[in-house]
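There are 2 protein chains.
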Amino acid sequence: MYQDLSTPLRTILTPGPVEVDPRVLRVMSTPIVGQFDPAFTKVMNEVMEMLRQLFQTKNQWAFPVDGTSRSGIEAMLCSVIHPGDVVLVPVYGRFGNLLIEICERYGATVKVIEKEWGRVFEPAEIIEAMNEVNPDIVALVHAETSTGRMQSLKEVGEACRKQEILFIVDAVASIGGADVKVDEWCIDGLIAGTQKCLSVPSGLAPLTYNKRVEERIAKRKKVERGIATEEELKATNQQFIRSNYFDLSMLQDYWGPRRLNHHTEATSMLYALREGLRLVLEEGLEERFKRHAYHEKALMIGLDEMGLERFGDDTVKLPTVTCIKVPEGVEADEVRHTLLEMFGIEIASSFGPLHGKIWRIGTMGYSCRRENILAVLGALEGVLVYYGVSINKGRALEAAIRYYAEEQT
Amino acid sequence: MYQDLSTPLRTILTPGPVEVDPRVLRVMSTPIVGQFDPAFTKVMNEVMEMLRQLFQTKNQWAFPVDGTSRSGIEAMLCSVIHPGDVVLVPVYGRFGNLLIEICERYGATVKVIEKEWGRVFEPAEIIEAMNEVNPDIVALVHAETSTGRMQSLKEVGEACRKQEILFIVDAVASIGGADVKVDEWCIDGLIAGTQKCLSVPSGLAPLTYNKRVEERIAKRKKVERGIATEEELKATNQQFIRSNYFDLSMLQDYWGPRRLNHHTEATSMLYALREGLRLVLEEGLEERFKRHAYHEKALMIGLDEMGLERFGDDTVKLPTVTCIKVPEGVEADEVRHTLLEMFGIEIASSFGPLHGKIWRIGTMGYSCRRENILAVLGALEGVLVYYGVSINKGRALEAAIRYYAEEQT
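Protein chains in written order, with UniProt numbering: chain A, 1 to 409; chain B, 1 to 409.
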């Protein structure tokens with residue numbers, strides 16, 4: 001009745017999910033082992049080690065939550081937020097709004113400062129707001145894919161540390177593509193994603209947190225009946241974390257030496273993450289960031305030559321996402337559909353006020369390579385000309401090829 | 001630094017995760033497409049159709065939550081429970097305790113009736129408790145892997161429907177291995193698992209719910225800022241669901257025609273689920289249940305011949321899990337470790353009061369086949385003899401082979 005799965009091959013140049021390295025795809029076909037098999041707990045431990053390197057941290061806790069990126073954000077926030085806590089959320093795009101949303105769900109008093117989409121905050125602006133609202137937590141997006149901007153974090157982190165405010169960062173879109181220094185930037189809790197610069201399919205949300213977070217959640221520990229010790233049952237604090245699935249104190253006991261059964265780890269996804277991390281570390285973090293910047297430049301040169309206008313403040317551009325304004329006289333989504341239908345190339349639209357106004361081209365992880373940059377430049381030119389948009393013809397590819405011929409990574 | 005992933009091949013006879021059909025493993029290597037690619041939304045729609053068939057329901061809503069099985073349980077419970085709601089949880093094993101745990105986290109008043117582990121409730125006992133505590137919701141485990149028992153549901157479902165009580169069922173361990181009739185049994189919301197009788201890796205939690213549940217959650221709808229319409233923002237009910245990730249009203253808008261962005265669907269896992277469901281439907285539900293019962297019988301014949309004693313009430317045995325008492329004079333976990341180390345065969349222990357007292361042999365999905373049954377019988381005999389346990393030697397395999405030679409599925 002149903003046929004064997006048959007999907008087209010795509011060139012994916014969105015800000016996620018992006019193309020998966022064939023080596024990562026391949027390990028997903030590995031026959032599974034049981035969740036407490038020593039062969040599997042070894043894989044779990046290796047993934048934790050590799051995540052620490054990726055996050056540039058000495059934190060003990062670095063593991064994935066079994067869910068998509070926002071599951072990691074929710075796990076982190078619901079584990080640290082006590083109802084009534086004041087959380088300061090500086091918003092400069094859609095994913096800042098998501099942080100507000102999750103904080104509200106868990107009963108925080110959310111204080112918001114906003115920046116026009118396409119720009120980011122001066123650290124001093126955030127620090128000033130901290131002084132005003134005296135938050136328990138600052139929650140901040142590092143890389144805002146909705147606008148293609150990247151917020152600098154270090155000064156904010158240092159100010160938080162000084163004032164004993166918890167600093168929680170959503171680095172879903174930057175991790176593995178741009179520098180993220182958890183310890184040096186004084187980040188207490190950080191959430192990453194798999195389907196962007198790590199080039200692993202969506203489905204896990206790696207995160208890390210330090211002792212400050214650990215102590216906070218230890219006070220709220222609740223172990224479920226049936227696997228708790230008598231003492232744990234008696235000691236349960238009524239301020240327990242409101243989610244079982246996202247309770248980091250329980251996840252910690254599953255990933256730690258106690259191996260207390262919580263969920264059944266998503267075996268094949270963990271294999272994929274292990275391979276994805278292995279490839280990141282094999283390439284080297286610095287090399288990988290350089291590669292992203294290198295291809296970003298080729299793309300920008302080509303788009304500039306074509307005569308398209310970039311969106312947003314260029315000085316704080318996210319290196320893994322390039323936003324361009326949709327030229328007059330053409331329907332944004334129609335261009336995207338034609339790119340997909342005719343060329344098998346996917347680029348993205350954006351959300352809310354920017355929908356239909358900009359296109360976003362992601363150059364993340366395995367998708368971020370020469371043939372893809374050249375493919376999208378050529379295809380976009382073809383489609384724009386087809387729709388009668390006035391652009392400079394025949395110059396984008398020439399400029400990009402010259403760049404690639406002359407410049408090394 | 002890190003080597004290519006290299007894991008041993010195992011014969012997995014636990015109650016999950018179990019061996020994955022090679023055809024399912026294979027589709028996991030399929031290159032991915034974007035989440036709003038028409039090629040992908042088609043896969044999403046197909047999965048919904050197939051899930052309806054698996055669940056034997058006409059419900060519109062049948063889709064996976066992106067997380068392990070308990071994420072589906074939490075999504076269902078947190079979406080239907082208003083703080084203060086009375087939830088009746090009849091407990092006959094560890095996973096009943098998990099239902100209590102999740103209900104408590106979301107502020108329900110939980111009423112519990114308990115049954116000695118190894119037995120199940122008479123429907124009349126549950127209905128009597130319903131009359132006493134007048135619950136808003138009854139939450140019940142269909143197949144309790146911790147004890148290997150299966151609870152009959154139909155009469156309870158009919159009583160709930162009559163009294164306008166919501167009936168929520170955890171069928172994680174039975175779905176695809178034993179009959180589950182969502183509509184006929186008056187189940188309002190049901191959660192399944194992938195890593196058991198569907199033989200798909202852990203990481204998705206398929207669920208279904210009917211109009212009664214849908215109406216309940218529609219009243220609590222909250223759409224996040226940044227993607228909500230003005231009207232939706234104004235209309236937000238303060239009784240909103242306490243989790244963003246698990247808010248079924250948002251998941252519904254992602255799986256439904258509105259395709260409102262929520263998470264990024266776990267592409268490769270959905271490919272795996274599609275293939276797993278395709279194989280289940282190709283085999284046929286009735287045939288599949290028969291196959292599980294057929295091999296269960298071979299296993300029981302062999303264990304009986306060996307002289308091992310089964311645990312629990314045989315009349316309500318879960319066909320996909322066989323529990324045996326650990327004989328005197330042998331350390332339960334040592335036997336398991338030797339089985340794993342020497343034979344590469346994994347069987348399970350149990351939880352809490354049953355840990356070390358029983359072994360659990362799962363015969364689920366792809367793991368449930370002749371060579372595996374024979375392998376575990378032969379290996380278990382060898383290991384028990386090695387540890388000096390007095391059993392009937394040389395009879396288990398003979399009896400099982402004879403059964404297989406004489407009886408057809």
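All C-beta atoms, glycine included, are put in the ideal place defined by N, C-alpha and C.
Treat the numbers as computed from the prediction; the structure is a model and nothing was measured.
For residue j and residue i, believed in contact at Cβ under 8 Å, the rounded distance
i: ALA139 of chain A; j: ILE168 of chain A; result: 5 Å
i: SER243 of chain B; j: ARG105 of chain A; result: 6 Å
i: MET269 of chain B; j: GLY203 of chain A; result: 5 Å
i: GLY216 of chain B; j: VAL110 of chain B; result: The sequence shown places Arg at residue 216 of chain B, not Gly. Their Cβ separation, rounded to whole angstroms, is 18 Å, which puts ARG216 of chain B and VAL110 of chain B out of contact at 8 Å.
i: LEU166 of chain A; j: ARG212 of chain A; result: 7 Å
i: TRP61 of chain B; j: GLU214 of chain B; result: 7 Å
i: MET76 of chain A; j: LEU207 of chain A; result: 6 Å
i: SER367 of chain A; j: GLY276 of chain A; result: Contact doesn't hold; Cβ gap of about 13 Å is too wide.
Spatial neighbours of residue i in its chain, beta-carbon cut-off 6 Å, leaving aside the 5 residues before and after
i: VAL141 of chain A; result: PHE95, GLY96 and ASP170
i: residue 483 of chain B; result: Only positions 1 to 409 of chain B appear in the structure, and residue 483 of chain B is not among them; the question remains open.
i: TRP255 of chain A; result: PHE63
i: LEU377 of chain A; result: GLY302, ALA396, LEU397 and ALA400
i: GLY307 of chain A; result: ILE391 and ASN392
Rounded straight-line distance, which links the Cα of residue j to that of residue i
i: VAL182 of chain A; j: ALA375 of chain B; result: 49 Å
i: VAL385 of chain B; j: ILE391 of chain B; result: 7 Å
i: GLY84 of chain B; j: VAL18 of chain A; result: 43 Å
i: ALA143 of chain A; j: VAL120 of chain A; result: 10 Å
i: LEU54 of chain A; j: VAL330 of chain A; result: 41 Å
i: ALA272 of chain A; j: PRO22 of chain B; result: 17 Å
i: SER349 of chain B; j: PRO327 of chain B; result: 14 Å
i: ALA379 of chain A; j: LYS393 of chain A; result: 12 Å
i: MET44 of chain B; j: PRO64 of chain A; result: 25 Å
i: VAL87 of chain B; j: ALA124 of chain B; result: 18 Å
i: GLY226 of chain A; j: ILE100 of chain B; result: 10 Å
i: ARG26 of chain B; j: ARG369 of chain A; result: 26 Å
i: TRP117 of chain B; j: GLY312 of chain B; result: 8 Å
i: GLN151 of chain A; j: THR315 of chain A; result: 11 Å
i: GLN3 of chain B; j: LEU281 of chain A; result: 12 Å
i: CYS78 of chain A; j: GLY72 of chain A; result: 10 Å
Beta-carbon neighbours of residue i, restricted to chain A and to distances below 8 Å
i: PRO17 of chain B; result: ILE32, GLY34, GLN35, THR264 and THR267
i: GLN163 of chain B; result: Near GLN163 of chain B there are no residues of chain A at all, since even the closest Cβ is about 27 Å away, more than 8 Å.
Cutoff 8 Å; reference residue i; Cβ partners in own chain excluding five residues on either side
i: ALA218 of chain B; result: SER249
i: ILE127 of chain B; result: GLU155, VAL156 and ALA159
i: residue 444 of chain B; result: Nothing in the structure corresponds to residue 444 of chain B, since chain B is present only between 1 and 409.
i: LEU340 of chain A; result: ARG10 and GLU346
i: ALA129 of chain A; result: LEU88, PRO90, LYS111 and ILE113
Neighbouring residues, chain A, relative to residue i (Cβ below 7 Å)
i: GLN56 of chain B; result: What GLN56 of chain B touches in chain A: nothing, since even the nearest Cβ is about 16 Å away.
i: LEU5 of chain B; result: VAL27, THR30, TYR271, ARG274 and GLU275
i: PRO201 of chain B; result: ILE32, ALA266, THR267 and SER268
i: GLU346 of chain B; result: GLY34 and ASP37
Beta-carbon proximity list for residue i, same chain, < 7 Å, skipping 5 on both sides
i: GLY344 of chain B; result: PRO8, LEU9, ARG10 and THR11
i: GLY67 of chain B; result: ALA205
i: PHE351 of chain A; result: ARG94 and SER146
i: VAL172 of chain B; result: SER69, ILE191, ALA192, GLY193 and LYS196
Cutoff 8 Å: residue i Cβ touching any chain D Cβ
i: ALA39 of chain A; result: The structure shown has no chain D; the protein chains it does contain are A and B.
Contact list for residue i against chain A, beta-carbon separation under 9 Å
i: ARG10 of chain B; result: PRO31, ILE32, VAL33, GLY34, ASP37 and ALA39
i: LEU281 of chain B; result: MET1 and TYR2
DSSP-derived helix/strand/coil call for residue i
i: MET150 of chain A; result: strand
i: PHE311 of chain B; result: coil
i: LEU318 of chain B; result: coil
i: ALA218 of chain B; result: helix
i: ARG258 of chain B; result: coil
i: GLY362 of chain A; result: strand
i: LYS325 of chain B; result: strand
i: LYS297 of chain B; result: helix
i: VAL47 of chain B; result: helix
i: PRO83 of chain A; result: coil
i: THR41 of chain B; result: helix
i: PRO206 of chain A; result: strand
Amino acids of chain B, ordered along the chain, whose beta-carbon sits closer than 7 Å to that of residue i
i: ARG310 of chain A; result: Residues of chain B passing the Cβ test: none, with the nearest at roughly 22 Å.
i: GLN195 of chain A; result: THR264
i: THR14 of chain A; result: GLY34
Neighbour list for residue i in chain B, Cβ cutoff strictly below 9 Å
i: THR315 of chain A; result: Chain B residues near THR315 of chain A: none, gap ~24 Å exceeds 9 Å.
Where residue i meets chain B, residues with beta-carbon distance less than 8 Å
i: PHE240 of chain A; result: ARG105
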